[in-house]
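Okay, so the sequence shown: first residue is 15 according to the numbering used here, each after it adds one. Where a beta carbon is used, it is the ideal one built from N, C-alpha and C, also for glycine. Everything numeric in this text was worked out from a predicted model, so none of it was measured. Before any comments, here is the structure.
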Amino acid sequence: MDNGEKKISSLFDGRTIFNIPEYQRAYAWDEAQLSDFLEDIENQKEDRSYFLGTVLFEEKGLEKNYEIIDIVDGQQRLTTIIIFMYALIEYLKSNASGEDEQEDIELLYETYVKHKRYFKLRALDEDNDFFHSYILSTTDGKDYIRTPAQRRLYNAKSYFEKYLSKKTKNDLDSLRKKIDENSRVLVYSVKDTAEATLIFETTNDRGKGLTNLEKIKSFMMYKSYVASDDTPEQLLNTIRLRFSEIYKEYEKYEDKLDEDSILQYHFIAHNEWTAKAFQKYVSNVKYHVNFLISKGKDVATLEFIDQYTKELKETFYTVHEILSSQNPYLRSIFILERTGNFWPLLIKVYKQDKTQSKEEFSTITRLLEIYSFRVYAVNQSRGNTGQSKLYAYARDFSGDFRQLEVQLKEIVTEYSADKLFRSNLSDPYIYDWMNSRDLSYFFWQYENYLREYRQPKAAPMSESEFVAKSSKFRLSIEHIASQTPLDSIIKDKSIVPDISEEFQEKFLHNLGNLTIDPQSSNSSKSNIDFSNKNEKYFKRAPFKIQNELEDFVVKGSWGEVAIKKRNKALIKFALKHWSVDRT
């Protein structure tokens, strides 16, 4: 294929099949990019050229008289153009009058969609059949979506169909003309991987919207080319394959963690750094590689690139395994929603724990859960408290789990010693300053403690029950003695003293006067009966944490003495449950 500026129609014209190579990420455009695409077209004048950007191809030879072209750069735009043109062709068909128009539309179809028996674009293997069968077809594929990329492809087609459905015949003809006759691209077409790598790196690592992961990929491939005396094809293909696997793995959990965050966590855990160098993780990796090359250490450069890309692939696999893990301490860390400081250590520890059931990993996650609750939830420490130490532990960890245990116990004690932990939990205004999610988490843990150790024993309240979003089952923090008695869980209102000013200041918002309860009165309280006795003072409750309230009533009163008694019991539980000595 000739290089230079081309009309988009001539790019697709002829016996050419475009192929998205396996090392590329799957289709990634969402509504924001689709909207920009349409806005750009709308703003173009019919008699003016419209520049769609630069595309980079690698020529792969002939296949049954068709020229096979790998799309090295530009696959998102070209895929989008084909989807749009297919949708446009369908609307043009329904508005066509006369044989001449029908022939023109058939020519458009052969140009952009399918020439004889061959589609003009091959998507990645896992999405290719879906792309051909449901996106470039009138068959609705909504029920057959299996990957995030397929969802985006389907949404793109639907988005364009909705847009085109509002257009007149003249509007449709105008859109066809703007793309088919006036749109242009700048083409770089090469015949070998090394040359494609060189061009991609020098034309795309200039802030044009690439993610850091994509920048690292192109950089590593380019530097492999630079550092190789002879043909770099083997390592280049290895890097391509690794990134292909990274993209496929990441697609499985991309809605849970940002890919550039994973890249940064990988750098923290696996690379040498000092001070705050991890904040510029991409530039530091590049600096190291460029330094090796500048010193003529080509072999060391290639070894580093090989090791780095291998470990990066392993990290993306490890992240998926961690996110899928049902380890209770790990799930608790996710529930507490303060994971950023822990991820490098989680990745490093998981990788190096060779026990069959990941017992060492479990021990470390238990300590991190203690740290998260004591330091961030109860002590209200800033979000970056201990970050530099936790990151350094990850960087320096080489398999000594006992040393890491000691380090984590020390850092918990440093930021939330037992005396401070007790003091914070004893604060009479804890309801006012502690996050309701964290308070609910405290009582969830206490509820499951009671279910495990108090007769009659019961199955624990699951994570799904705890995080339920529906109004029927969503948990809320409730006062036992309340300023609004009608809403109280207390059945016999006579046991509650007057809510005096002193009571409000010292006991109303005290931990001992708080509990959890489903927000909806329609929750299935009658489905669970943890008590064999008839509640005298409190309403029938679905949780042990409420059913045990009878035990704290003193002389028929839920007052200061009862609340102090319960507060003491809750703090005793907390000091034991979140003690570093339990691990």
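Assign residue i to one of two classes, buried (16 or more other C-beta atoms within 10 Å of its C-beta) or exposed (fewer than that).
i: residue 400; result: buried
i: residue 60; result: exposed
i: residue 87; result: buried
i: residue 158; result: exposed
i: residue 256; result: buried
i: residue 131; result: exposed
i: residue 72; result: buried
i: residue 518; result: exposed
i: residue 473; result: exposed
i: residue 584; result: buried
i: residue 238; result: buried
i: residue 362; result: buried
i: residue 286; result: exposed
i: residue 121; result: exposed
i: residue 562; result: buried
i: residue 447; result: exposed
i: residue 337; result: exposed
i: residue 358; result: buried
i: residue 589; result: exposed
i: residue 269; result: exposed
i: residue 616; result: Outside the displayed span of the chain (15 to 597) sits residue 616, for which this structure offers no information.
i: residue 32; result: buried
i: residue 84; result: buried
What is the DSSP secondary structure of residue i, reduced to helix, strand or coil?
i: residue 246; result: coil
i: residue 272; result: coil
i: residue 541; result: At residue 541, the pLDDT of 39 sits below 50, so the modelled position is not reliable; the number obtained from the coordinates is stated separately. DSSP places residue 541 in helix when its eight states are reduced to three.
i: residue 536; result: The predicted model places residue 536 with a pLDDT of 35, which falls under 50 and marks its position as unreliable, so this point remains unresolved.
i: residue 594; result: helix
i: residue 159; result: coil
i: residue 503; result: coil
i: residue 198; result: strand
i: residue 339; result: coil
i: residue 302; result: helix
i: residue 152; result: coil
i: residue 529; result: strand
i: residue 580; result: helix
i: residue 133; result: strand
i: residue 568; result: strand
i: residue 588; result: helix
i: residue 510; result: coil
i: residue 224; result: coil
i: residue 66; result: strand
i: residue 169; result: helix
i: residue 177; result: helix
i: residue 370; result: coil
i: residue 280; result: helix
i: residue 289; result: coil
i: residue 524; result: coil
i: residue 267; result: coil
i: residue 237; result: helix
i: residue 232; result: helix
i: residue 323; result: helix
i: residue 182; result: coil
i: residue 318; result: helix
Please name the residue or residues paired with residue i in a DSSP beta bridge.
i: residue 85; result: 71
i: residue 128; result: 133
i: residue 77; result: 80
i: residue 203; result: 71
i: residue 552; result: 504
Taking only beta-carbon positions, decide if residue i is within less than 7 Å of chain B.
i: residue 63; result: Protein chain content of the structure displayed is limited to a single chain, and chain B is not contained in it.
State yes or no: is the C-beta of residue i nearer than 6 Å to some heavy atom of the ligand HEM?
i: residue 399; result: Inclusion of the ligand HEM in the displayed structure is not the case, the ligand content being empty and no account of it being possible.
Quick test of the definition: if touching needs 3 or more C-beta pairs under 8 Å, does the stretch 350–361 touch the stretch 382–390? They touch, by the three-pair rule.
Could you tell me whether the stretch 184–201 touches the stretch 60–72, using the rule of 3 or more Cβ pairs below 8 Å? Yes, the stretch 184–201 is in contact with the stretch 60–72.
Which runs of the beta strand (DSSP E) spanning at least 3 residues fall entirely within the stretch 449–501, listed in chain order? If we require 3 residues or more, the beta strand (DSSP E) runs fully inside the stretch 449–501 come out as 489–493.
Spell out a yes or no on whether the stretch 146–156 and the stretch 173–181 are touching, meaning 3 or more CB-CB pairs, one atom from each, closer than 8 Å. The count of Cβ pairs closer than 8 Å, one atom from the stretch 146–156 and one from the stretch 173–181, stays below three, leaving the stretches out of contact.
Between the stretch 292–311 and the stretch 277–284, do at least 3 Cβ pairs fall closer than 8 Å? With contact defined as three or more Cβ pairs closer than 8 Å, the stretch 292–311 and the stretch 277–284 are in contact.
Stretch pair the stretch 426–442 + the stretch 514–530: three plus CB contacts closer than 8 Å: Segments in contact, yes.
Quick one: complete alpha helix (DSSP H) runs, 4+ long, within the stretch 15–61? Segments of the alpha helix (DSSP H) lying fully in the stretch 15–61: 22–26, 45–56.
Do the stretch 406–415 and the stretch 359–373 meet, that is, are 3 or more Cβ pairs less than 8 Å apart? Contact between the stretch 406–415 and the stretch 359–373 is established, with three or more Cβ pairs separated by less than 8 Å.
Closer than 8 Å is the cut-off here; do at least three beta carbon pairs connect the stretch 259–274 with the stretch 297–316? No, the stretch 259–274 does not touch the stretch 297–316.
For the pair the stretch 85–100 and the stretch 131–147, tell me if three or more CB-CB distances fall below 8 Å. Touching, yes.
Length-filtered (4 minimum) alpha helix (DSSP H) runs lying within the stretch 378–457: Qualifying alpha helix (DSSP H) stretches, in chain order: 401–410, 415–429, 432–440, 444–447.
Decide if the stretch 110–130 is in contact with the stretch 19–27; the criterion is three or more beta carbon pairs, one per stretch, under 8 Å apart. With the cut-off at 8 Å, the stretch 110–130 and the stretch 19–27 touch.
Is it a yes or a no for the stretch 35–54 touching the stretch 160–170, going by three-plus beta-carbon pairs under 8 Å? In the pairwise beta carbon analysis, the stretch 35–54 is classified as touching the stretch 160–170: at least three pairs are separated by under 8 Å.
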